[in-house]
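Trainee: For the sequence shown, the numbering used here gives the first residue as 3, with consecutive numbering after it.
Just passing along the structure, written as structure tokens.
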Amino acid sequence: MISSPPPPALGLWRRSLLPVLLLLGLLLWLLVEALPVQAAIEEGAWQSPLPTAELLPRDEEREDSWLAGVSELPEGKPLSVEIEVKALALLRNGEGLGGSASLAITSRSAGAGAGFELRFLAGPAAGHSLICEGQAELPSLPSGWHLIELACGGLRTQRLLRLQAKAPQELNLVWVSSGRVHGTVFGQDGMPLTGAEITLGEHRTRSDAKGRFAMSGLVPGGDQPLILKAKGHAAQFERVHVSSPQERSPELRFVLDRGRTVRGVVHLPTAELREARLVALPLGEPGLRTPWFDPSSFAAISLDERGQFVLEHAPAVAFELGLAHPRFVLREPVLVDRDAPRVVHVQPERGSLLSGVVHDEEGRPIAGALVRVSEGRRGFPAWGPSLLRRSQALPLPEALFGMGCVLARTDAEGRYCVGLPWKSSEVEVGAEGFLSSRERFTGRRGTKRNFELAQDMEAKGAHRLLLLFDPDLGRPLDLSLHRDGDGLGRSVRHDPAQPFVLPLAKAARLQVRVRVPESGAGPQCHELAVLGTRRLHLELGAAAR
Numbered sequence: 003m004i005s006s007p008p009p010p011a012l013g014l015w016r017r018s019l020l021p022v023l024l025l026l027g028l029l030l031w032l033l034v035e036a037l038p039v040q041a042a043i044e045e046g047a048w049q050s051p052l053p054t055a056e057l058l059p060r061d062e063e064r065e066d067s068w069l070a071g072v073s074e075l076p077e078g079k080p081l082s083v084e085i086e087v088k089a090l091a092l093l094r095n096g097e098g099l100g101g102s103a104s105l106a107i108t109s110r111s112a113g114a115g116a117g118f119e120l121r122f123l124a125g126p127a128a129g130h131s132l133i134c135e136g137q138a139e140l141p142s143l144p145s146g147w148h149l150i151e152l153a154c155g156g157l158r159t160q161r162l163l164r165l166q167a168k169a170p171q172e173l174n175l176v177w178v179s180s181g182r183v184h185g186t187v188f189g190q191d192g193m194p195l196t197g198a199e200i201t202l203g204e205h206r207t208r209s210d211a212k213g214r215f216a217m218s219g220l221v222p223g224g225d226q227p228l229i230l231k232a233k234g235h236a237a238q239f240e241r242v243h244v245s246s247p248q249e250r251s252p253e254l255r256f257v258l259d260r261g262r263t264v265r266g267v268v269h270l271p272t273a274e275l276r277e278a279r280l281v282a283l284p285l286g287e288p289g290l291r292t293p294w295f296d297p298s299s300f301a302a303i304s305l306d307e308r309g310q311f312v313l314e315h316a317p318a319v320a321f322e323l324g325l326a327h328p329r330f331v332l333r334e335p336v337l338v339d340r341d342a343p344r345v346v347h348v349q350p351e352r353g354s355l356l357s358g359v360v361h362d363e364e365g366r367p368i369a370g371a372l373v374r375v376s377e378g379r380r381g382f383p384a385w386g387p388s389l390l391r392r393s394q395a396l397p398l399p400e401a402l403f404g405m406g407c408v409l410a411r412t413d414a415e416g417r418y419c420v421g422l423p424w425k426s427s428e429v430e431v432g433a434e435g436f437l438s439s440r441e442r443f444t445g446r447r448g449t450k451r452n453f454e455l456a457q458d459m460e461a462k463g464a465h466r467l468l469l470l471f472d473p474d475l476g477r478p479l480d481l482s483l484h485r486d487g488d489g490l491g492r493s494v495r496h497d498p499a500q501p502f503v504l505p506l507a508k509a510a511r512l513q514v515r516v517r518v519p520e521s522g523a524g525p526q527c528h529e530l531a532v533l534g535t536r537r538l539h540l541e542l543g544a545a546a547r
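This is how it looks when you write it as structure tokens:
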């Protein structure tokens, strides 16, 4: 008996079974990958306001790994940097990301690719946001420029960090929204530009092979400064609107030209030319009111033995020439516009010097403080926290004259030296975490002046807990702090030779538990309210013995 073939419906069912099995396998794999994160959340790892961040192992297989070369740090004195993530509130299309997410902080040193990667675990919070707070201290990073990248939920942003010798750095990262911009960069010939660098505030990215770029993790709002640069083209400055998650983000289109060639000469004695630094400055608002430039906007100009220079691909629009010299200053800005002469002449004059040390209330020098000298009648606004933070990246070689003021940065020992170009000068000194100090100087004779800056308690948190211990305990302590109302807590190992300071954004009631390990004595428990600065001296001598 001859068997008949199977009905057509049965063959169709067999062919449709394979896609169903593949889909089930994919769902099973996603479930297995999500188990470790879900387990961490159930254990309460995200509930601590300051969770521990751990170094991730080096990834040998990924060719694009940011950790490549981590065992071969570039030259430079090893330093320490403390990274603190204050808050994270990411929105996508007006809705919360939901579930859990990890915030990755990555750094690499320019040139060698050495760096680190940290991960903080965030949990769901009330509303449409994810909140994550954390801090970590990273030892033995090389000095020089580092590129910091934050990534979470597919959103990325980058920041620049400069580590200086003998100057411990603290980097506060606050990512409060997910505003975004995107667009395309073209050349004059209409072709897309690959590798064009786009900078918006502290965020930076590059265009792809089709000239396209996208930036997220930005603060929404209009009239924000954006810089575009590409090799063989003049830098360009634009103001753009950053769309919020609820807005439709229009595609931007930029066309970069090749600029022009500017020739000039700096009139200085031959012996003084060796110490002169000439830079091209984008023409922004005077006195760094809105510093839209970044470190690479300072185009260094080479001088020959006669002081002559040639600047290729200079902006077609107007810009300024800035001069850095320890003894000579410019009394007026050197403006280079379309009506500038064929040869631009830069004529510095010998000026009186203002020098001294910038220190805090306890006499400790403040490294990296900014000193700004302006003509008294101009009345520049005071330093603000955001202005100071963005101006820290300026690569100041010495006291730099440009944009209507003289700007300098203190060295590792808090010392500074600036010129006083005008008969009446206003000097303002500022540093992150400190209240600025302003003073007026009359005359052109040399002056020495030390500035004392007070800590800005509002910037660091209006309230803080200060714990003091007996310095002769000789062993570390175990501290455990819990906040009433939400159950958030923190446990640390602390050296009693140093005071313990805990800044708080608002007044709170805390439970403090202190224990001396291996002493056999029970822990000391204290319950106290922190309003303003609360000091508590703990006597632990008997427990230590």
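No residue lacks a Cβ here, since even glycine has one placed at the ideal position from N, Cα and C.
Quick one, which of 316, 352 and 242 has its alpha-carbon nearest residue 266's?
Mentor: Indexing the sequence shown from 1 puts residue 266 at position 264. Minimum Cα distance to residue 266 is reached at 316.
Trainee: Put residue 222 into one of helix, strand or coil per three-state DSSP.
Mentor: Position 220 of the sequence shown, counting from 1, holds the residue named residue 222. It is coil, neither helix nor strand.
Trainee: Per the contact definition of three or more C-beta pairs closer than 8 Å, is the segment 240-251 in contact with the segment 321-338?
Mentor: No, because fewer than three Cβ pairs between the segment 321-338 and the segment 240-251 fall closer than 8 Å, the two stretches do not touch.
Trainee: Residues in its own chain within less than 7 Å of residue 501 by CB, not counting five upstream and five downstream?
Mentor: Indexing the sequence shown from 1 puts residue 501 at position 499. Taken in chain order, the residues that qualify are 468, 469 and 470.
Trainee: Would you mind sorting residue 185 into buried or exposed? The rule is 16 or more other CB atoms within 10 Å of its CB.
Mentor: Within the sequence shown, the letter at position 183 stands for residue 185. Buried is the call here.
Trainee: Excluding the 5 residues flanking residue 310 on each side, which residues of the same chain have their C-beta closer than 6 Å to its C-beta?
Mentor: Against the sequence shown, residue 310 aligns to sequence position 308. Excluding positions up to five away in sequence, the list reads 267.
Trainee: Taking 7 Å as the cut-off, is the beta-carbon of residue 330 closer than that to any non-hydrogen atom of the ligand FAD?
Mentor: Of ligands this structure carries none, so the ligand FAD is not represented either.
Trainee: Would you mind working out which of 365, 360 and 364 sits nearest residue 374, comparing C-alpha positions?
Mentor: Here residue 374 refers to the residue found at position 372 of the sequence shown. Answer by Cα proximity: 360.
Trainee: Just to confirm, is the Cβ distance from residue 269 to residue 349 under 8 Å?
Mentor: As a position in the sequence shown, residue 269 is number 267, starting the count at 1. As a position in the sequence shown, residue 349 is number 347, starting the count at 1. In contact: residue 269 and residue 349 (Cβ atoms closer than 8 Å).
Trainee: Can you look up residue 319 in the DSSP assignment and give me helix, strand or coil?
Mentor: By 1-based counting over the sequence shown, the position of residue 319 is 317. Of the three classes helix, strand and coil, the one that applies to residue 319 here is coil, per DSSP.
Trainee: Is DSSP giving residue 478 helix, strand or coil here?
Mentor: Within the sequence shown, the letter at position 476 stands for residue 478. Three-state DSSP puts residue 478 in coil, outside helix and strand.
Trainee: Would you kindly work out how many angstroms separate the C-alpha atoms of residue 441 and residue 429, rounded to a whole number?
Mentor: Residue numbering aside, residue 441 sits at position 439 when the sequence shown is read from its first letter. Residue numbering aside, residue 429 sits at position 427 when the sequence shown is read from its first letter. Residue 441 and residue 429: Cα-Cα distance of roughly 5 Å.
Trainee: Bridge partners of residue 503, per DSSP?
Mentor: Taking the first residue of the sequence shown as position 1, residue 503 is located at position 501. 468.
Trainee: Around the Cβ of residue 193, are there at least 16 other Cβ atoms within 10 angstroms (buried) or fewer (exposed)?
Mentor: Numbered from 1 along the sequence shown, position 191 holds the residue referred to as residue 193. That one is exposed.
Trainee: Contact between the segment 479-486 and the segment 508-518: three or more CB pairs below 8 Å?
Mentor: yes
Trainee: Can you say whether residue 252 is buried or exposed, counting buried as having 16 or more other CB atoms within 10 angstroms of its CB?
Mentor: In the sequence shown, counting from the first residue as 1, residue 252 sits at position 250. Flag for residue 252 reads exposed.
Trainee: Along the chain, where does the beta strand (DSSP E) containing residue 199 start, and where does it finish?
Mentor: As a first step, residue 199 must be located in the sequence shown, where it is residue number 197. It spans 199-202 - the beta strand (DSSP E) in which residue 199 sits, taken as one unbroken run.
Trainee: Are the segment 421-437 and the segment 335-345 touching, with three or more C-beta to C-beta distances below 8 Å?
Mentor: Output reads no: the segment 335-345 does not touch the segment 421-437.
Trainee: Do residue 356 and residue 422 have their CB atoms nearer than 8 Å?
Mentor: The residue given as residue 356 occupies position 354 in the sequence shown. The residue given as residue 422 occupies position 420 in the sequence shown. Result yes, Cβ atoms of residue 356 and residue 422 sit closer than 8 Å.
Trainee: Which residues share a DSSP beta bridge with residue 536?
Mentor: Indexing the sequence shown from 1 puts residue 536 at position 534. In DSSP, residue 536 forms a bridge with 467.
Trainee: Ignore the nearest five residues each way along the sequence and tell me which others in residue 524's own chain have a CB closer than 8 Å to its CB.
Mentor: Stepping through the sequence shown from its first residue, residue 524 is reached at position 522. The answer, listed in chain order, is 517.
Trainee: By a C-beta neighbour count over all protein chains shown, 10 Å radius and 16 as the cutoff for buried, is residue 212 buried or exposed?
Mentor: Start at 1 with the first residue of the sequence shown, and residue 212 comes out as number 210. Residue 212 comes out exposed.
Trainee: Do you know offhand how far residue 312's Cα is from residue 263's?
Mentor: The sequence position of residue 312 within the sequence shown is 310, counting from 1. The sequence position of residue 263 within the sequence shown is 261, counting from 1. Answer to the nearest angstrom: the Cα atoms are 7 Å apart.
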